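Residue numbers (the numbering used here): 81 to 207.
Built from N, CA and C at the ideal position, the CB exists for glycine as well.
Please read all numbers here as calculations on a predicted model, not as lab measurements.
Here's the structure we're looking at; comments come further down.
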Amino acid sequence: MGQKPDLGDYLAAQRTFLAWIRTGLALMGFGFVVARFGLFLQEFQTIERTLPAQPYGLSLWFGTALIAAGVAVNVYSGWRYVVLVRELDRGETEHLRFSSLVAGIAFFLAFVGLAMAIYLVYIGLPK
Numbered sequence: 081m082g083q084k085p086d087l088g089d090y091l092a093a094q095r096t097f098l099a100w101i102r103t104g105l106a107l108m109g110f111g112f113v114v115a116r117f118g119l120f121l122q123e124f125q126t127i128e129r130t131l132p133a134q135p136y137g138l139s140l141w142f143g144t145a146l147i148a149a150g151v152a153v154n155v156y157s158g159w160r161y162v163v164l165v166r167e168l169d170r171g172e173t174e175h176l177r178f179s180s181l182v183a184g185i186a187f188f189l190a191f192v193g194l195a196m197a198i199y200l201v202y203i204g205l206p207k
């Protein structure tokens, strides 16, 4: 048993939890924008009538992946917050762990960003 946590420890846990919730919501919002980007490109091509409309289905998949990542971040952050508050209630204040979620999100976003960049270059090439 460690020392009893003070109010600042609980408030810090809550601020961290809220920051993760904002991150998850941002991922979901960005995913929605990416998913609708293909529809925007199709409508733009229809208005321009310069080229036949091309399907932009990959933006739907990229967007859906980002939305799913946002949901996963929110679920995981809620779970970690409950666990942390329970540990604080028991007086277990030594809580230093590497967060694999943070590294996983960073690598996932780097992968999705790179894939989107390659996709945008590919659809921009003349056929």
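Pick from T96, F142, F187 and T103: whose alpha carbon is nearest that of G118?
To locate residue 118, count along the sequence shown from 1; it is residue 38. Nearest C-alpha to G118: F142.
In or out: L146 buried (at least 16 other Cβ within 10 Å) or exposed?
Translated into the one-based positions of the sequence shown, residue 146 becomes position 66. So L146 counts as buried.
Could you name the residues of the same chain whose beta carbon sits closer than 6 Å to that of D89, not counting the 5 residues immediately before and after it, in chain order?
Counting from one through the sequence shown, the residue named residue 89 turns up at place 9. Answer for D89: L168, listed in chain order.
The alpha helix (DSSP H) with G143 in it runs from where to where?
Here residue 143 corresponds to residue number 63 of the sequence shown, with the count starting at 1. If you look at G143, you'll find it in the alpha helix (DSSP H) that goes G137 to R170.
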